[in-house]
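In order, the protein sequence lines correspond to chains A and B. Note that the first sequence covers residues 1 to 161 in my numbering. Note that the second sequence covers residues 162 to 312 in my numbering.
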Amino acid sequence: MRVRNVRPQGQEIELQMTPMIDIVFQLLVFFIMTFKIVSPEGDFNVRMPASAPSEGPPPIDSIPPIRVRMTALSDGSLAEIQFGNRSLGRDFQKLRQAILDMVGPDPSPSTLESTEVELDCDYNLRFENTIEAITAVSGYVDQGNIVKLVENIKFAPPRGR
Amino acid sequence: MRYANRHGAPFAKGDMTPMIDMTFQLIAFFMVLVNFSEADQNERIRLPLSELAKPPEAPVDTPITLQLTEKGTVIFHANELTIPQLGRELSLEKQFLRAKGKDSATAATVIIRADRAAKMGVVQEVIKTCQDTGFEKFVLRAKQVAAGERA
Numbered sequence: 001m002r003v004r005n006v007r008p009q010g011q012e013i014e015l016q017m018t019p020m021i022d023i024v025f026q027l028l029v030f031f032i033m034t035f036k037i038v039s040p041e042g043d044f045n046v047r048m049p050a051s052a053p054s055e056g057p058p059p060i061d062s063i064p065p066i067r068v069r070m071t072a073l074s075d076g077s078l079a080e081i082q083f084g085n086r087s088l089g090r091d092f093q094k095l096r097q098a099i100l101d102m103v104g105p106d107p108s109p110s111t112l113e114s115t116e117v118e119l120d121c122d123y124n125l126r127f128e129n130t131i132e133a134i135t136a137v138s139g140y141v142d143q144g145n146i147v148k149l150v151e152n153i154k155f156a157p158p159r160g161r
Numbered sequence: 162m163r164y165a166n167r168h169g170a171p172f173a174k175g176d177m178t179p180m181i182d183m184t185f186q187l188i189a190f191f192m193v194l195v196n197f198s199e200a201d202q203n204e205r206i207r208l209p210l211s212e213l214a215k216p217p218e219a220p221v222d223t224p225i226t227l228q229l230t231e232k233g234t235v236i237f238h239a240n241e242l243t244i245p246q247l248g249r250e251l252s253l254e255k256q257f258l259r260a261k262g263k264d265s266a267t268a269a270t271v272i273i274r275a276d277r278a279a280k281m282g283v284v285q286e287v288i289k290t291c292q293d294t295g296f297e298k299f300v301l302r303a304k305q306v307a308a309g310e311r312a
């Protein structure tokens, strides 16, 4: 369809800006109101024992897991960390140092791959203590870089319900 | 719109373009930052803190998010469930995954967002319930915090 320009030369088109600005400001207010700063979250993989126990005895050359026992007070706070038979008090730095002493100063990937930690926690222990222990065992931050330690982590059945 | 004063001289017209530019840029900024994954998060859950909790580089394969509250209930698909109820819901979820052609429950990853004050025994009960249903991969979620900084 041919459209003929019947407008006299030089006449301006008056655009109605008001509705657009209204909507734009409403959008802006909506996004400002719903804006929420969310801290980044990360995951820890855990190797869980299978539901059905495997048949037969474990292989002879399998390395037993490092046992870390964490006991809780009645309110769920941490009472004590035991690394094997050694008491580490409530200090997760000592737990990390114990893991470092065990795997050596510069552990090879195969050493870390074959090492496993079993966390043996009381039923009432607060979950944040377990995450602290997993953090201490699985690595540390050195000058902004993550140095990985033992990432094979499993849980023993909870105690003391 | 053009205005004229009483003497007939036209007023200077305000240029709206910079304001609209800025407004659109602000809208674009907020739209980009809008958190679409908020459905998987719950205000009641206060995650434990860890300096090693880095966001995963690749998206988790078939994620199933379970949110464990401080009092021991599990929020799953916006429903607050007890652990026995969770077992039934997970069975339905497994059937749903199978109907979708996924490799049943073995391909799915169960993301456990447990409150920092939740009991470790309850977390393990949740994991056991998932294992009994057939789920095998688990991750524990924590909030990232800078080394040496604790909220």
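Ideal Cβ placement from N, Cα and C applies to all residues, glycine included.
> Does any C-beta atom of chain B lie closer than 8 Å to the C-beta of residue 152 of chain A?
Replying inline: Among the residues facing chain B, residue 152 of chain A is not included, as its CB has no counterpart in that chain under 8 Å away.
> residue 282 of chain B to residue 72 of chain A, Cα distance in whole Å?
Replying inline: Inter-residue distance for residue 282 of chain B and residue 72 of chain A is about 11 Å (C-alpha atoms, whole angstroms).
> At a Cβ threshold of 8 Å, is residue 69 of chain A touching chain B?
Replying inline: Taking Cβ atoms only, chain B never reaches closer than 8 Å to residue 69 of chain A, which makes this a no.
>> Would you say residue 176 of chain A lies against chain B (beta-carbon separation less than 8 Å)?
In response: The structure shown has nothing for residue 176 of chain A, since chain A only spans 1 to 161.
>> To be precise: take each residue of the segment 283 to 304 of chain B, compare its Cβ to all Cβ atoms of chain A, and keep it if any distance is under 9 Å. Which residues remain?
In response: Taken in chain order, the members of the segment 283 to 304 of chain B whose beta-carbon sits within less than 9 Å of a beta-carbon on chain A are 283, 284, 285, 286, 288, 289, 291, 292, 293, 295, 297, 298, 299, 300, 301, 302, 303 and 304.
>> Tell me the rounded alpha-carbon separation between residue 312 of chain B and residue 18 of chain A.
In response: For residue 312 of chain B, the pLDDT reaches just 49, beneath the cut-off of 50, and the residue's location in the model is therefore unreliable, although a value from the coordinates is still provided. Their backbone Cα atoms lie some 46 Å apart in a straight line.
>> Quick check on DSSP: helix, strand or coil for residue 145 of chain A?
In response: Strand, per DSSP.
>> For a minimum of 4 consecutive residues, which ranges assigned as the alpha helix (DSSP H) are wholly contained in the segment 56 to 143 of chain A?
In response: The segment 56 to 143 of chain A contains these whole alpha helix (DSSP H) runs: 92 to 103, 109 to 114 and 127 to 138.
> Looking only at C-alpha atoms, which of A:150, A:135 and A:144 sits nearest to residue 115 of chain A?
Replying inline: Out of A:150, A:135 and A:144, A:150 has the C-alpha closest to the C-alpha of residue 115 of chain A.
> So, are the CB atoms of residue 210 of chain B and residue 303 of chain B less than 8 Å apart?
Replying inline: For residue 210 of chain B and residue 303 of chain B, yes; Cβs fall inside 8 Å.
>> According to DSSP, is residue 208 of chain B part of a helix, a strand, or is it coil?
In response: Residue 208 of chain B carries a coil assignment under DSSP once its states are collapsed to helix, strand and coil.
>> Once the 5 residues before and after residue 54 of chain A are set aside, which same chain residues still bring their CB inside 8 Å of it?
In response: Bear in mind that the predicted position of residue 54 of chain A carries a pLDDT of just 49, short of 50, making it unreliable; the figure below should be weighed with that in mind. The answer is none, since no qualifying residue turns up.
> What does a CB cutoff of less than 8 Å around residue 252 of chain B pick up in its chain, not counting 5 residues either side in sequence?
Replying inline: If we look at residue 252 of chain B and ignore the five residues flanking it on each side, its Cβ neighbours are 294.
> Are the CB atoms of residue 278 of chain B and residue 212 of chain B nearer to each other than 8 Å?
Replying inline: No; because the gap between Cβ atoms is not below 8 Å, this pair is not in contact.
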